[in-house]
Structure formats: C-alpha cells, structure tokens
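Numbering follows our numbering, with no gaps: position 81 of the sequence shown is 92. Note that beta-carbon positions come from the ideal geometry of N, C-alpha and C, so glycine has one too. In this text, all values refer to a predicted model and were calculated from it rather than measured experimentally. Worksheet: one structure, shown below.
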Amino acid sequence: GVMSAPKRPREEREPSGAPAASRQKKIDGPAADKDEKRKVIVVLQKAALETVKTKKGYELVTADSHKSILTRLKKDPSQYRPDIVHQCLLTLLDSPLNKAGLLKVYVETLNNQIIDVSPKLRIPRTFPRFAGLMVQLLHKLKIRAVGSSDVLLKVIKRPITQHLPPGAYKIGTSNKGKLVDLRRYIPTINADTRPIVLIVGAMAHGQATVDWQETCIAVSQYALSGSVALGRIMNGFENYWNIL
C-alpha cells in the first residue's frame with residue numbers, strides 16, 4: 012500500500028494564527044535585545060597560539076609537529092596544545108547560549124595577545140583548518156567575513172580588563188577553587204542584572220587564575236578538560252535562562 016506521511020507530533024503544530032517566531036521565543040527564553048543586561052563573558056586563558064616559520068611556510072606551533080624546534084628554543088613542548096583552544100572554541104560558539112546572543116568570548120594567549128572572537132564566527136571543524144585560520148589572524152591581526160565588513164576575529168589591546176563591561180562579576184575557575192553545583196550557584200550571582208565573566212584555562216596543565224578575579228570556583232570534584240568544564244558552564248546558564 013501507499014505509505015502515508017507520518018503524522019506530525021501534536022506539539023509541533025502551529026497554534027492557529029500564532030506566527031512561528033513568537034512560539035519560538037517562549038522556548039528560547041527572551042531574545043537578546045539592545046538593553047539586554049544578561050551576558051556571559053568567557054576569557055580563555057593561556058591559549059597556545061603562536062606561529063613558527065618552517066620549510067612549508069608559517070605554521071601554528073604544536074607539541075606534536077614542532078617538538079625539536081621547541082626544545083631548541085628551550086620551551087616546554089607540553090604547553091603547546093592549540094587543539095585545546097580549538098575544542099574550547101567549538102564548545103563555546105556551538106552552544107545554545109551563544110546562539111541566543113548571550114555569550115562573548117575573548118582568548119588570551121601565552122604570549123599575552125588578546126583575541127576578540129565574534130559570536131558569529133563559525134569555527135572551522137577540523138584542526139588543520141583552524142590552525143590555518145589562526146596563522147592568518149596572528150599575521151593580519153584581523154579576519155573579516157567573506158563578502159561583508161563583519162570582523163570575525165581581531166587582536167586587541169591589552170589588558171583584557173579594559174574590554175570588560177563595568178560592574179561585571181569576575182569568576183575564576185580551577186579544580187582548586189570552591190566546589191559549587193552550578194544549578195544552585197548561578198541563581199546566587201545576580202546574573203540577570205550584571206555581566207558575568209568566567210576565566211577558564213585553555214591549556215594542558217596548571218592554573219588559569221588571574222589577579223583580577225573576584226572569586227574562584229570548581230565546577231566538578233574531578234579535574235576536567237577546558238572544553239568539558241565550559242560545556243557545563245554553558246549548560247548551567249542555559250538552564251537558568253530557559254534556553255533549550
């Protein structure tokens with residue numbers, strides 16, 4: 012017999028007369044508008060983003076490919092893990108929190124450069140392409156969207172603190188910090204009325220603490236990779252603001 016099209020589940024049907032957009036908003040929590048006070052700002056700390064000139068041209072330095080160069084320069088190869096930065100940026104920019112317009116990301120590199128990351132940036136999915144993009148950025152200091160004037164990535168002036176909004180609450184993260192359950196913690200930090208800054212390490216070892224943070228939390232009793240910790244934090248704010 013002829014297969015009939017599967018019936019659409021009940022809740023997907025449009026309520027009569029209501030446009031799809033207004034229906035969407037209810038689920039998504041309020042969309043970010045210009046007087047939006049809610050903002051989560053993530054500062055990725057100690058990101059290993061440096062270039063090196065090789066026979067093939069400029070490359071992003073990695074522990075795997077440039078061990079001998081790094082040893083010659085008396086640098087610790089285990090610090091050069093730009094793949095961690097890639098994972099962290101994927102987790103952040105792919106998050107519903109970012110898609111809802113409530114996230115801002117900055118990256119601070121090992122050699123103290125600060126990168127302003129546009130929420131519109133679609134991070135390359137594979138590491139070699141990501142590395143190519145970073146090399147381009149570190150040399151040109153700015154990456155624009157193809158066919159538009161939107162700046163997707165740019166290197167900005169130090170210190171990072173001058174780019175943070177006034178009145179923001181600055182939270183460091185570390186497995187040595189005060190252990191919190193994000194579901195209980197986020198409602199206590201007035202996130203509806205002031206921006207929240209989170210400082211998260213994007214490196215393999217060590218602490219990402221900075222002298223300008225106001226408190227320091229651990230989001231798990233286990234030592235987590237940066238990407239997993241960020242996933243938890245994004246999820247915490249998404250739950251708090253009903254972003255599904």
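(request) May I have a chain-ordered list of the alpha helix (DSSP H) segments no shorter than 4 residues that lie completely inside the region 76–110? (result) 78–83, 93–104, 107–110
(message) Helix, strand or coil, according to DSSP, for residue 64 in the structure here?
(response) strand
(request) Going by DSSP, name the residue or residues bridged to residue 156. (result) DSSP output for residue 156 lists no bridge partner at all.
(request) Would you decide whether residue 181 is buried or exposed? Buried here means 16 or more other CB atoms lie within 10 Å of its CB. (result) buried
(request) Enumerate in chain order the residues of its own chain whose CB-to-CB distance from residue 245 is below 6 angstroms, with the five nearest sequence positions on each side excluded. (result) 106, 108
(message) Is it buried or exposed, residue 219, if we count other Cβ atoms within 10 angstroms and call 16 or more buried?
(response) buried
(request) Could you please give the first and the last residue of the uninterrupted beta strand (DSSP E) stretch that includes residue 244? (result) Where residue 244 is concerned, there is no enclosing beta strand (DSSP E), although the alpha helix (DSSP H) it sits in stretches over 237–251.
(message) For a test of the three-state rule: what should DSSP assign to residue 115, helix, strand or coil?
(response) strand
(message) Contact between the region 154–173 and the region 118–138 is defined here as three or more beta-carbon pairs at a separation below 8 angstroms; is this criterion met?
(response) yes
(request) Taking 8 angstroms as the threshold, find out whether the region 94–102 comes into contact with the region 52–61 through three or more Cβ pairs. (result) yes
(request) Mind checking which residues open and close the beta strand (DSSP E) that includes residue 162? (result) 162–167
(message) Just to confirm, is the Cβ distance from residue 185 to residue 212 under 9 angstroms?
(response) yes
(message) Which of the three DSSP states is assigned to residue 196 in this structure?
(response) helix
(message) Given this structure, state the Cα-to-Cα distance separating residue 194 from residue 200, to the nearest angstrom.
(response) 12 angstroms
(request) From the DSSP output, in three-state form, read off residue 39 for me. (result) Its pLDDT being 47, under 50, residue 39 is placed unreliably by the model, and the measurement read from it follows with that caveat. DSSP places residue 39 in helix when its eight states are reduced to three.
(message) Bridge partners for residue 233 per DSSP, in chain order?
(response) In the DSSP output, where bridge partners are listed per residue, residue 233 has none listed.
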